[in-house]
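Scroll down for the structure; my scribbles are underneath it.
Shown next as structure tokens:
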């Protein structure tokens, strides 16, 4: 078993829960990466030319690749600039196997997942419905699809799957994040990829002091369309970006929020764009999407500002049954929280919840909406750092500590990071963050990457005696992962909602199991699963504190 560390408190009032909620318990983490064997360092290959991709690493994924019930860790890495070759051990992507006893072993070479070039993000999902978790790696000029062979190894099937084709207009794209989702409900996972901007090292711009260049503002780079690939059920994908209405929108795509925002049974996609208005692709239920961010009030903040959108997550923050959107950005821009009012109409509640003042001094990358103290209310975690050169003229403000905003259960949040102890407050150039229960103790842990610094494993040791439930879904008519399944939990303390989705934050992938904290309740009165196929499954009177495997009827 892993050991203990960090403390906090946090957020929203909801009709479904007690009108006078109890105070939230502390959130406590312990940093265990080095002693657990996770010795990964994200290497951006920083050069004096300050190539734009150097500041964009690095995604991380939590997945059970060998099906032994324990979450493993996959972290992507850079390559030598500017030729983008992985020329040594220091540039390998790394896969670490969890032995279930608190230790991880590097199995990269055996598994065959070291990467091919300059990779940015990763997402996981069972695209071929064979019961094993596959990995898609989003990268600069090339992406990779690793098919899980079911024997501890992976095969690069990018070419065979039809995902290595050059873009008809741009030739090569720069992908940052991706999501596996069944957008047409045919029982097979499709693939949405967010693309950033056009980059060519031969014409890299020089910004800042000529004697000490720094990274340029994104306005100097041309944006790109996002991509949607349809699963053909035979191991291949077809690019349907144009006919689906995705390709028509040009942005600078970063993190993705994936959820059924209007509760019509069809998954939608929020795209966090860097310095351009965000996108909200609403599923039209006919194989196409309509971009509706402006009319649904998520394109801009409530001050009509475009932000440097980075990470995104989409989950129900206030327990009203509607998935909300939490987005990260740079210092002074705030981290927007958009509350879903119903029918995918949103309201910016950043100021009202206290997040305006709490986030203003921070720059955030990957993020997640998770109940970190198991009190029945989801909290917010952000991996923080500035985008600029940590050795440049802004060096003092570039490294930052991660932050946790604890749900106070009354519609507001508080910064609980100070109670986390000295280790949690240390600064680094953080980027990726993935969420999951590493040691199967019912508390959500967090793995965070940092540029030119060790990977961090924040083991959740929150002391409150709250209870929990982890739900693992296995689809039958739906996709094997049950990706997109919506889960409603009722216990004595109230009602909560969540859904199955691995894409989270900034180019990261989290545990596919769905987590609920249920506070003091030792039993779940009712659990309702609405599968992507439309099948509804209801279970009653379940004991808490278990990992529950549900198979679609």
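Residue numbers (this note's numbering): 16 to 568.
Cβ coordinates follow ideal geometry from the N, Cα and C atoms, glycine included.
C-alpha distance - residue i paired with residue j, whole-angstrom precision
i           : j           : result
residue 172 : residue 357 : 41 Å
residue 82  : residue 226 : 52 Å
residue 464 : residue 45  : 16 Å
residue 4   : residue 337 : For the chain, the structure presents residues 16 to 568; residue 4 sits outside this window and is missing.
residue 332 : residue 102 : 44 Å
residue 379 : residue 122 : 31 Å
residue 278 : residue 222 : 46 Å
residue 127 : residue 89  : 12 Å
residue 301 : residue 201 : 12 Å
residue 542 : residue 377 : 38 Å
residue 109 : residue 446 : 16 Å
residue 195 : residue 235 : 31 Å
residue 287 : residue 207 : 13 Å
residue 562 : residue 397 : 26 Å
residue 566 : residue 528 : 13 Å
residue 559 : residue 63  : 55 Å
residue 25  : residue 188 : With a pLDDT of 32 at residue 25, under the threshold of 50, the modelled position of that residue is not reliable, and no figure is offered here.
residue 467 : residue 124 : 22 Å
residue 335 : residue 115 : 36 Å
residue 399 : residue 520 : 12 Å
residue 38  : residue 438 : 25 Å
residue 372 : residue 427 : 12 Å
residue 204 : residue 243 : 11 Å
residue 157 : residue 132 : 8 Å
Where residue i sits in the DSSP three-state scheme
i           : result
residue 211 : coil
residue 511 : strand
residue 372 : helix
residue 491 : coil
residue 320 : coil
residue 562 : strand
residue 32  : Residue placement at residue 32 is poorly supported in this model, since its pLDDT is 38, which falls under 50; the coordinates are not used for a value here.
residue 337 : coil
residue 552 : strand
residue 126 : helix
residue 235 : helix
residue 577 : What is shown of the chain runs 16 to 568, which leaves residue 577 out entirely.
residue 180 : coil
residue 240 : strand
residue 170 : strand
residue 567 : coil
residue 348 : coil
residue 106 : helix
residue 432 : coil
residue 70  : helix
residue 51  : helix
residue 139 : strand
residue 297 : strand
residue 427 : strand
residue 469 : strand
residue 309 : coil
residue 355 : strand
residue 187 : coil
Residues sharing a beta bridge with residue i, DSSP
i           : result
residue 159 : 152
residue 134 : 154
residue 245 : 253
residue 518 : 524
residue 222 : 229
residue 113 : 119
residue 501 : 514, 545
residue 557 : 539
residue 483 : 532
residue 265 : 240
residue 474 : 45
residue 258 : According to DSSP, which records beta bridges pairwise, residue 258 is partnered with nothing at all.
residue 314 : None, per the DSSP bridge assignment.
residue 271 : 286
residue 15  : Residue 15 lies beyond the residue range present for the chain, which begins at 16 and ends at 568; the question has no answer from this structure.
residue 199 : DSSP output for residue 199 lists no bridge partner at all.
residue 360 : 357
Beta-carbon separation (whole angstroms), residue i vs residue j, contact threshold 8 Å
i           : j           : result
residue 298 : residue 185 : In fact, because the Cβ distance is near 26 Å, the residues do not count as touching under 8 Å.
residue 553 : residue 504 : Residue 553 to residue 504, Cβ: 12 Å. No contact.
residue 74  : residue 135 : 6 Å
residue 256 : residue 289 : Not really, about 20 Å apart at Cβ, beyond 8 Å.
residue 530 : residue 274 : Actually they do not touch by this definition, with Cβ atoms about 16 Å apart.
residue 153 : residue 94  : About 14 Å; that fails the 8 Å criterion.
residue 144 : residue 495 : 4 Å
is_contact[residue i, chain C] using C-beta, thresh 8 Å
i           : result
residue 253 : Absent from the structure: chain C. Only one protein chain is present.
Item to check | Within the region 379-424, ranges of the beta strand (DSSP E) (whole runs, at least 3 residues) | outcome: Counting only runs of 3 or more, we get 379-385, 394-399, 418-422.
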